[in-house]
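S.K.: A single structure is presented below for examination.
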Amino acid sequence: MSQVATADIGHHDDRALVKRIWKTFWILLIITIAELGIGLTIYTIHKGENPQHTLVLMFKGLVCILTLAKAFYIVSVFMHLGDEIRNMIMTIVVPLALFVWFIVAFLWDGNAWKNLRNTDAGSRIYIEKTHEKTSIPAKQNGQKD
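In terms of this note's numbering, the sequence shown opens at residue 13 and continues consecutively.
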């Protein structure tokens, strides 16, 4: 006679899983509504005569934080990363953090390059003076030199 071993490995209570998904849904919904409210607030501030740039920057930072919270919940629950062991989580999160740093560094450097290019590295004055010296004055009324 053979014995059949039944293991309860990987079995989850369906009600608990559904409850967890609904909880995540409500959390994501609340965060999304908050983001929309902040976005409309930013839009209203920009429509005003004197927009407060510091307040807008703070609201934009808050939207970034809320977006990261949403990403955490999506990855944790729907991609099941929250149930993995620590080493697996670090294998995914560390390269992602380096990639985010890479994007921020290139945006920062690109902005510095744009600002440097727009001023011609301080040589615009030199170029304008050079053009003034080499420009030929227009002859008036057919007069000869």
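All C-beta atoms in this analysis are idealised placements derived from N, C-alpha and C, irrespective of residue type, glycine included.
Computed from a predicted model, the values in this text were never measured in an experiment.
Can we say the segment 50-60 touches the segment 68-75, given the rule of at least three CB pairs closer than 8 Å?
M.R.: Output reads yes: the segment 68-75 touches the segment 50-60.
S.K.: Just confirm the distance between the C-beta atoms of L108 and I101, as a whole number of angstroms; I'd bet it's less than 8 Å.
M.R.: Mapped onto the sequence shown, residue 108 falls at position 96. Mapped onto the sequence shown, residue 101 falls at position 89. 11 Å between Cβ atoms; not a contact.
S.K.: Entirely within the segment 51-139 and at least 4 residues each: give me those alpha helix (DSSP H) ranges in chain order.
M.R.: Listed in chain order, the complete alpha helix (DSSP H) runs (minimum 4 residues) inside the segment 51-139 are 65-85, 98-130.
S.K.: Going by DSSP in three states, D26 sits in which element: helix, strand or coil?
M.R.: Translated into the one-based positions of the sequence shown, residue 26 becomes position 14. The answer is helix: DSSP assigns D26 an H, G or I state.
S.K.: CB Y85 to CB L40, shorter than 8 Å?
M.R.: In the sequence shown, the residue the question calls residue 85 occupies position 73. In the sequence shown, the residue the question calls residue 40 occupies position 28. Contact flag set, yes.
S.K.: Can you give me the C-alpha to C-alpha distance between A124 and D25, rounded to a whole angstrom?
M.R.: Against the sequence shown, residue 124 aligns to sequence position 112. Against the sequence shown, residue 25 aligns to sequence position 13. Each residue's Cα considered, the two are about 54 Å apart.
S.K.: Apply the 10 Å Cβ neighbour rule to V105 and answer buried if 16 or more other Cβ atoms are within range, or exposed otherwise.
M.R.: Indexing the sequence shown from 1 puts residue 105 at position 93. It counts as exposed.
S.K.: Give me the residue from L78, K31, Q64 with the minimum Cα distance to L48.
M.R.: Translated into positions along the sequence shown, residue 48 becomes position 36. For the residues L78, K31, Q64, the minimum Cα distance to L48 belongs to L78.
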